[in-house]
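**Q** Pasting a structure below so you can have a look.
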Ligand SMILES: NC(=O)c1ccc[n+]([C@@H]2O[C@H](COP(=O)([O-])OP(=O)(O)OC[C@H]3O[C@@H](n4cnc5c(N)ncnc54)[C@H](OP(=O)(O)O)[C@@H]3O)[C@@H](O)[C@H]2O)c1
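In the UniProt record's numbering, the protein residues as written are 1 to 314.
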């Protein structure tokens with residue numbers, strides 16, 4: 001089968017011909033129709049998990065995907081051949097991932113039936129980013145009447161976080177360059193601030209001099225977090241998706257600081273499918289690429305400037 005893989009940590013992703021994986025006991029073999037790109041894909045192929053997880057090479061890249069169940073292994077499996085599924089298909093100890101014509105769902109992996117009426121390319125764009133956004137919004141305690149700043153709102157996680165926070169009745173302030181301000185409002189943001197204009201604190205304080213309740217931050221380093229934390233009211237919550245928060249430092253300022261752990265599960269994916277079916281959540285697929293064009297799309301993703309999700313057609 002054709003797949004995008006790396007031959008070692010740090011290698012340039014390349015199109016390779018690799019064996020179709022065999023589903024083991026309790027596993028599901030899925031014929032992928034679409035796969036979704038996430039920053040974590042290239043972070044892992046660069047070696048981000050090398051000290052904590054075994055990897056086999058060539059390592060097929062990619063966590064997220066959507067497709068049709070082809071075959072199941074021996075014993076109990078949650079799916080039947082022909083079922084449309086979406087979720088996470090990354091098994092690094094066997095070198096398997098979602099940027100391939102076939103992928104494996106291991107027992108307990110975050111894989112669920114696809115939302116009704118959703119097309120494969122959209123479903124593939126959902127799992128990692130939306131599960132992260134859901135976990136962050138929930139753990140931040142976003143609620144009716146709160147004011148929440150989403151930093152990095154225009155990317156994959158951010159667009160879901162804006163919608164989920166607005167759905168809880170919060171007033172959402174989204175970071176966006178001018179070209180994305182209207183889109184952020186369509187997703188539910190009450191206001192936007194432009195991180196390209198500098199002094200984010202000044203822009204937020206102009207309309208919220210009393211401070212805000214929560215910050216969901218997907219991009220700032222520790223220095224950026226220290227600066228933005230000054231926007232929070234006493235008792236406010238700062239949550240980072242890239243481990244930039246020092247919880248002890250936050251506690252000393254009467255703030256709650258959290259770094260997001262990976263809380264993905266089939267149950268969470270099923271809850272997200274319900275929100276999509278109820279029309280409360282949508283994903284913006286910014287570009288669709290072929291497997292051949294995937295290495296170039298990964299390079300573009302590294303360079304930043306995401307305006308939604310990139311999806312690979314398989
Ligand atoms: N811990 C977890 O479980 C978990 C899960 C998912 C994601 N993450 C991490 O969370 C981060 C975001 O993921 P993603 O999928 O949303 O990435 P993405 O799709 O690449 O989006 C990042 C967005 O942030 C914007 N941005 C960059 N610098 C900014 C700044 N200084 N202020 C405001 N916005 C800025 C970018 O646009 P411009 O470049 O145009 O500004 C882009 O729209 C990644 O580092 C990812 O690895 C962690």
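Using N, Cα and C, we set each Cβ at its ideal position, and we do this for glycine too.
If you're wondering where the values come from, they're calculated on a predicted model, not measured in any experiment.
Return the residue from the list 125, 112, 208, 214 that minimises the CA-CA distance to residue 281.
**A** In the chain shown, the residue the question calls residue 281 occupies position 281. Closest by alpha carbon: 125.
**Q** Compute the minimum distance between the beta carbon of residue 247 and the heavy atoms of ligand 1, and state whether it is under 8 Å.
**A** Locating residue 247 in the chain shown gives position 247, counting from the first residue. No.
**Q** If you scan the segment 55-111 from start to end, which runs of the alpha helix (DSSP H) of 4 or more residues do you find wholly inside it?
**A** none
**Q** Say whether the segment 20-40 touches the segment 122-136, bearing in mind that this needs 3 or more beta-carbon pairs closer than 8 Å, one atom from each stretch.
**A** yes
**Q** Return yes when the Cβ of residue 13 is within less than 9 Å of the Cβ of residue 63, no when it is not.
**A** As a working note, residue 63 is residue 63 in the chain shown. As a working note, residue 13 is residue 13 in the chain shown. Not closer than 9 Å, so no.
**Q** So what does DSSP say about residue 207, is it helix, strand or coil?
**A** Here the question's residue 207 lines up with position 207 in the chain shown. In this structure, residue 207 counts as helix in the three-state DSSP scheme.
**Q** If you run the structure through DSSP and keep just helix, strand and coil, what is residue 286?
**A** Along the chain shown, one-based indexing puts residue 286 at 286. Three-state DSSP puts residue 286 in a strand.
**Q** Kindly examine ligand 1 and report whether one of its heavy atoms sits closer than 8 Å to the Cβ of residue 65.
**A** What you label residue 65 is simply residue 65 of the chain shown in a count that begins at 1. Result no, Cβ not under 8 Å from ligand 1.
**Q** Along the chain, where does the alpha helix (DSSP H) containing residue 259 start, and where does it finish?
**A** Position 259 of the chain shown, counted from the start, is the residue given in the question as residue 259. No alpha helix (DSSP H) contains residue 259, which is instead part of the beta strand (DSSP E) from 256-259.
**Q** Does the distance from the C-beta atom of residue 189 to that of residue 176 stay below 9 Å?
**A** The residue given as residue 189 occupies position 189 in the chain shown. The residue given as residue 176 occupies position 176 in the chain shown. Result yes, Cβ atoms of residue 189 and residue 176 sit closer than 9 Å.
**Q** Helix, strand or coil for residue 323, going by three-state DSSP, please let me know.
**A** For residue 323 there is no data in the structure shown, the boundaries of the chain being 1 and 314.
**Q** I'd like to check one pair, residue 103 with residue 25: are the Cβ atoms closer than 9 Å?
**A** For the purposes of this step, residue 25 is taken as residue 25 along the chain shown, with counting starting at 1. For the purposes of this step, residue 103 is taken as residue 103 along the chain shown, with counting starting at 1. Contact flag unset, no.
**Q** With a Cβ-Cβ cutoff of 9 Å, do residue 232 and residue 255 count as a contact?
**A** The residue given as residue 232 occupies position 232 in the chain shown. The residue given as residue 255 occupies position 255 in the chain shown. Yes, they are a contact pair.
**Q** Closest by CA to residue 82, which one among 66, 96, 88?
**A** Sequence index remark: in the chain shown, residue 82 carries index 82 (1-based). When each option's Cα is compared against that of residue 82, the closest is 66.
**Q** So is the beta-carbon of residue 323 under 8 Å away from any non-hydrogen atom of ligand 1?
**A** Look at the range of the chain in this structure, 1 to 314, and you will see that residue 323 is not part of it.
**Q** Which same chain residues, not among the five before or five after residue 192, have their C-beta less than 6 Å away from its C-beta?
**A** Here residue 192 refers to the residue found at position 192 when the chain shown is read from its first residue. Correct list, in chain order: 174, 176, 181, 184.
**Q** How about residue 107 and residue 77: do their beta carbons lie closer than 9 Å?
**A** Locating residue 107 in the chain shown gives position 107, counting from the first residue. Locating residue 77 in the chain shown gives position 77, counting from the first residue. Cβ distance < 9 Å, so residue 107 and residue 77 count as in contact.
**Q** Per DSSP, residue 17 is paired with what?
**A** By 1-based counting over the chain shown, the position of residue 17 is 17. Beta-bridge pairing links residue 17 to 2.
**Q** Going by Cα to Cα distance, which pick from 238, 212, 210 is closest to residue 218?
**A** Within the chain shown, numbered from 1, the residue matching residue 218 stands at position 218. The shortest Cα separation from residue 218 among 238, 212, 210 belongs to 238.
**Q** Take residue 131 and list the residues in its own chain whose beta-carbon comes closer than 6 Å to its own, dropping the five residues that flank it on each side.
**A** In the chain shown, counting from the first residue as 1, residue 131 sits at position 131. The answer, listed in chain order, is 264, 268.
**Q** Give me the residue from 50, 300, 85 with the minimum Cα distance to residue 116.
**A** Residue 116 sits at position 116 when you count from the first residue of the chain shown. It is 85.
**Q** Write down the C-beta distance between residue 46 and residue 9 rounded to the nearest angstrom, noting that I regard them as a contact closer than 8 Å.
**A** Numbered from its first residue, the chain shown carries residue 46 at position 46. Numbered from its first residue, the chain shown carries residue 9 at position 9. At roughly 6 Å, the Cβ-Cβ gap stays under 8 Å, so residue 46 and residue 9 are in contact.
**Q** Hey, how far is the Cα of residue 91 from the Cα of residue 97?
**A** Numbered from 1 along the chain shown, position 91 holds the residue referred to as residue 91. Numbered from 1 along the chain shown, position 97 holds the residue referred to as residue 97. Residue 91 and residue 97: Cα-Cα distance of roughly 6 Å.
**Q** Tell me which residue opens and which closes the alpha helix (DSSP H) that residue 224 is part of.
**A** By 1-based counting over the chain shown, the position of residue 224 is 224. 222-228 is the span of the alpha helix (DSSP H), which, as asked, contains residue 224.
**Q** What number of angstroms, rounded off, separates the C-alpha of residue 95 from the C-alpha of residue 302?
**A** Here residue 95 is taken as the residue at index 95 of the chain shown, counted from 1. Here residue 302 is taken as the residue at index 302 of the chain shown, counted from 1. Distance between the alpha carbons of residue 95 and residue 302 is about 22 Å.
**Q** Whole angstroms are fine: how far does the CA of residue 266 sit from the CA of residue 70?
**A** Along the chain shown, read from residue 1 onward, the residue named residue 70 stands at position 70. Along the chain shown, read from residue 1 onward, the residue named residue 266 stands at position 266. Distance between the alpha carbons of residue 70 and residue 266: 19 Å.
**Q** In the DSSP assignment, the beta strand (DSSP E) including residue 232 goes from what residue to what residue?
**A** Translated into positions along the chain shown, residue 232 becomes position 232. Following the DSSP letters along the chain, one finds residue 232 inside the beta strand (DSSP E) bounded by residues 232-240.
**Q** May I ask you to report which of helix, strand or coil DSSP gives residue 200?
**A** On the chain shown, position 200 is the one that residue 200 refers to. In this structure, residue 200 counts as helix in the three-state DSSP scheme.
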